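Numbering (this note's numbering), first residue to last: 2 to 162. Worksheet for the structure shown next.
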């Protein structure tokens with residue numbers, strides 16, 4: 002997100018991902034259907050996910066929250082997620098990706114962590130990915146620059162990936 006105020010404490014965010022994997026997807030189904038699917042596909046994760054995709058049962062978990070803290074290397078936010086949500090995009094108010102989820106603070110479910118999207122873009126570029134034509138390479142140049150009102154994050158020693 003290129004807006005200078007896109008990443009600031011108090012700004013709204015949306016997290017969208019697939020935490021908890023197939024267990025969460027099956028939990029969304031009626032019990033009889035979930036048991037039937039598990040009996041049919043057993044331990045074959047590939048077959049199970051293929052079936053769930055074919056039946057359009059794969060739906061992301063989408064939660065809303067706010068940025069609660071910032072420093073130069075992470076965004077702390079309170080949109081709920083769970084273990085297994087690493088890699089999920091964190092969207093800013095304009096609908097553009099501002100971060101990539103990497104951890105939950107297990108002792109406070111209102112504290113989740115994302116790295117600014119610029120880190121993900123850098124990794125992708127290292128393996129040959131190129132920015133689409135017409136896109137400026139300074140994505141998130143203002144992201145997490147310790148904007149007014151931001152404070153350094155407290156310890157994350159209890160964060161799990």
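A virtual CB, placed ideally from N, CA and C, is assigned to each residue, including glycine. Just so it is clear, the structure is predicted and the values come from calculations on it, not from any experiment.
Counting only C-beta atoms, is residue i closer than 7 Å to chain C at any point?
i	result
residue 128	Although the question refers to chain C, the structure presented lacks it and comprises just one protein chain.
The alpha helix (DSSP H) that contains residue i, what's its start and end?
i	result
residue 121	118 to 127
residue 23	22 to 28
residue 38	32 to 42
residue 51	46 to 55
With a threshold of 6 Å on Cβ separation, who are the neighbours of residue i within its own chain once the five nearest residues in sequence on each side are excluded?
i	result
residue 35	27
residue 21	83, 85
residue 65	15, 80
residue 32	none
With which residues is residue i paired in a DSSP beta bridge?
i	result
residue 75	72
residue 88	Paired residues: none, contrary to the question.
residue 65	15
residue 115	76, 102
In its own chain, which residues sit with a C-beta less than 8 Å from the C-beta of residue i, not counting the 5 before and 5 after it?
i	result
residue 1	Outside the modelled stretch of the chain, which goes from 2 to 162, sits residue 1, for which no answer is possible.
residue 183	The requested residue 183 does not occur in the structure, where the chain is confined to residues 2 to 162.
residue 18	61, 62, 82, 86, 88, 89, 90, 102
residue 41	52
residue 105	82, 83, 84, 86, 112, 113, 114, 160, 161
What are the boundary residues of the beta strand (DSSP E) that includes residue i?
i	result
residue 100	98 to 106
Excluding sequence positions up to five away, which residues of its chain have a Cβ less than 7 Å from the Cβ of residue i?
i	result
residue 130	none
State yes or no: is the C-beta of residue i nearer than 6 Å to some heavy atom of the ligand ZN?
i	result
residue 119	With respect to the ligand ZN, the structure offers nothing, as it holds no ligand at all.
Do three or more CB pairs link the region 10 to 30 to the region 84 to 97 at distances below 8 Å?
yes
State whether the region 64 to 81 contacts the region 97 to 114, with contact taken as three or more CB pairs (one from each stretch) at a distance under 8 Å.
yes
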